[in-house]
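Colleague:
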Amino acid sequence: LTGKGPTPKAEDRPYHAAAKRKKAVAKKSDSKVVRKTDGKEVRTTRAPRGDRPRGEIVAGRNAVLEALREAVPATELLVARSIDVDDRVAESLKLALHLGLPIREAHRAEVEGISPNSQGIILAIKPFQYSSFEEIMQRAKYPALIVALDGVTDPRNLGAIIRSAAAFGAAGVIMTERRAASMTASAWKSSAGAAARLPIAQVTNLARTIDAAKKEGLFVVGLDGESEDVISSMKVATEAIMIVVGSEGKGLARLTREKCDLVISIPISATTESLNASVATAIALFWVDQARRKG
6 LTGKGPTPKA EDRPYHAAAK RKKAVAKKSD SKVVRKTDGK EVRTTRAPRG
56 DRPRGEIVAG RNAVLEALRE AVPATELLVA RSIDVDDRVA ESLKLALHLG
106 LPIREAHRAE VEGISPNSQG IILAIKPFQY SSFEEIMQRA KYPALIVALD
156 GVTDPRNLGA IIRSAAAFGA AGVIMTERRA ASMTASAWKS SAGAAARLPI
206 AQVTNLARTI DAAKKEGLFV VGLDGESEDV ISSMKVATEA IMIVVGSEGK
256 GLARLTREKC DLVISIPISA TTESLNASVA TAIALFWVDQ ARRKG
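When we follow the working numbering, the leftmost residue of the sequence shown carries the number 6, and every step to the right adds one.
So, in structure tokens, the structure goes:
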């Protein structure tokens, strides 16, 4: 007899039981599962075992629902099979459907393996697309207004600062890549959507960025509660400026302070130690906006 080559594996022979089992498993992992929410069908895809979301996640019924309500950029909604669908899960499914997010099902053990406190539901967050100082300068209209953050570590403060910057017409917000808050889901929510409209840049060296801003003709104004010069003495509000905000606890770093053309403080009651970074930024931006309106 003449041979016809090596014998195929059992799972590769169409009529073999092993091949049928393989096909059934593949079909099951890809199958659409229909869930009914308020009488409407929501189709989900069963996730292959071990397919974990990459990057940041938001876990838990309340947290996921809040993130979806704020339209935090996401890549998918992961739901445990046989999850108890309460009002929060039902609304999350509807919001994900409305936003066009893939909804995938996985074994509860897999979901809890990603986050033990998931309550059976996880939202995978899309990596934030940062801008650059150069792009912000190109976008800026004269007189430019830019906010730079020196070590602000609280993402909620970051989000609130971005919201204020957008409200008062800043061209963008700049932060450092290290030892600072980044654009997490928490920061996005605190920005109330402003992060989608305002360029946000990360830089490796704030001191060099300040030098670059000066070359572009910007006055660099630092905020520091210990400065003897108060905000009302600032005469450059109608010029192109960069406002530099220090960290919540330490304020401006020594080198950053030295790089500033002017360092100002906001007068407060002696019974209060300091202002929150986001509050101080909002006050400074309001002051600049009022000065420019008067003009």
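Glycine included, each C-beta is placed from N, C-alpha and C at the ideal position.
None of the values given here were measured: they were computed from a predicted structure.
From Ala4 to Ser274, what does the alpha carbon distance come to, in whole angstroms?
Modeller: Residue 4 lies beyond the residue range present for the chain, which begins at 6 and ends at 300; the question has no answer from this structure.
Colleague: The alpha helix (DSSP H) that contains Asp155, what's its start and end?
Modeller: No alpha helix (DSSP H) contains Asp155, which is instead part of the beta strand (DSSP E) from Leu150 to Asp155.
Colleague: Rounded to a whole number of angstroms, what is the C-alpha to C-alpha distance between Ser237 and Ala296?
Modeller: Spanning the two alpha carbons is a distance of roughly 10 Å.
Colleague: For Ser97, is the classification buried or exposed, using 16 other Cβ atoms within 10 angstroms of its Cβ as the cut-off for buried?
Modeller: It is buried - the Cβ of Ser97 has at least 16 other Cβ atoms within 10 Å.
Colleague: Unbroken alpha helix (DSSP H) runs of length 4 or more, entirely within the region 216-277: which are they?
Modeller: 259-264, all fully within the region 216-277.
Colleague: Can you tell which of Ser232, Gly230, Val226 and Ala171 has its C-alpha closest to the C-alpha of Ala245?
Modeller: Taking only the C-alpha atoms, the option nearest Ala245 is Val226.
Colleague: Could you compute how far the alpha carbon of Ser137 sits from the alpha carbon of Gly254?
Modeller: If I take the Cα positions, the gap works out to 27 Å.
Colleague: Based on the DSSP output, what are the partners of Thr181 in its beta bridges?
Modeller: Beta-bridge pairing links Thr181 to Val208.
Colleague: May I ask you to list the residues that DSSP assigns as paired with Val372?
Modeller: Nothing in the structure corresponds to residue 372, since the chain is present only between 6 and 300.
Colleague: At which residues does the beta strand (DSSP E) containing Ile108 begin and terminate?
Modeller: First-last of the beta strand (DSSP E) with Ile108: Ile108 to Ala111.
Colleague: Drop a sphere of 10 angstroms on the beta-carbon of Gln134, count the other beta-carbons inside from all chains shown, and report buried for 16 or more, exposed for fewer.
Modeller: Exposed.
Colleague: Which of the three DSSP states is assigned to Ala175 in this structure?
Modeller: Three-state DSSP puts Ala175 in coil, outside helix and strand.
Colleague: How would you write the range of the beta strand (DSSP E) that Thr80 sits in, first residue to last?
Modeller: Ala79 to Ala85 is the span of the beta strand (DSSP E), which, as asked, contains Thr80.
Colleague: Using the C-alpha atoms, what's the distance from Ala190 back to Val77?
Modeller: Cα-Cα distance, rounded: 6 Å.
Colleague: Considering only their Cβ atoms, is the gap separating Ala206 from Ile167 smaller than 8 Å?
Modeller: Not in contact: Ile167 and Ala206 (Cβ atoms no closer than 8 Å).
Colleague: Quick check on this structure: which residue in Gly222, Gly230 and Met239 has the alpha carbon closest to the alpha carbon of Tyr147?
Modeller: Nearest C-alpha to Tyr147: Gly222.
Colleague: If contact is defined by three or more beta carbon pairs under 8 Å, each pair taking one atom from either stretch, is the region 148-168 in contact with the region 282-295?
Modeller: Yes: at least three Cβ pairs fall under 8 Å.
Colleague: Would you decide whether Thr235 is buried or exposed? Buried here means 16 or more other CB atoms lie within 10 Å of its CB.
Modeller: Rather than Thr, the amino acid found at residue 235 in this sequence is Val. Exposed, since its Cβ has fewer than 16 Cβ neighbours within 10 Å.
Colleague: Within 10 Å of its beta-carbon, does Leu150 have 16 or more other beta-carbons around it, so buried, or fewer, so exposed?
Modeller: By the neighbour-count rule (16 or more Cβ atoms within 10 Å), Leu150 is buried.
Colleague: In the DSSP assignment, find the alpha helix (DSSP H) that holds Ile288 and state where it starts and stops.
Modeller: First-last of the alpha helix (DSSP H) with Ile288: Ala282 to Lys299.
Colleague: Who are the near neighbours of Ala192 in its chain, counting only those whose CB is closer than 8 Å to its CB and skipping five residues on each side?
Modeller: So the list reads Pro160, Arg161, Leu163, Gly164, Ile167, Ala186 and Ala200, once near-sequence residues are dropped.
Colleague: Going by the CB atoms, is the gap between Ala218 and Met389 shorter than 8 Å?
Modeller: Because the chain is modelled from 6 through 300, residue 389 falls outside the range shown and cannot be assessed.
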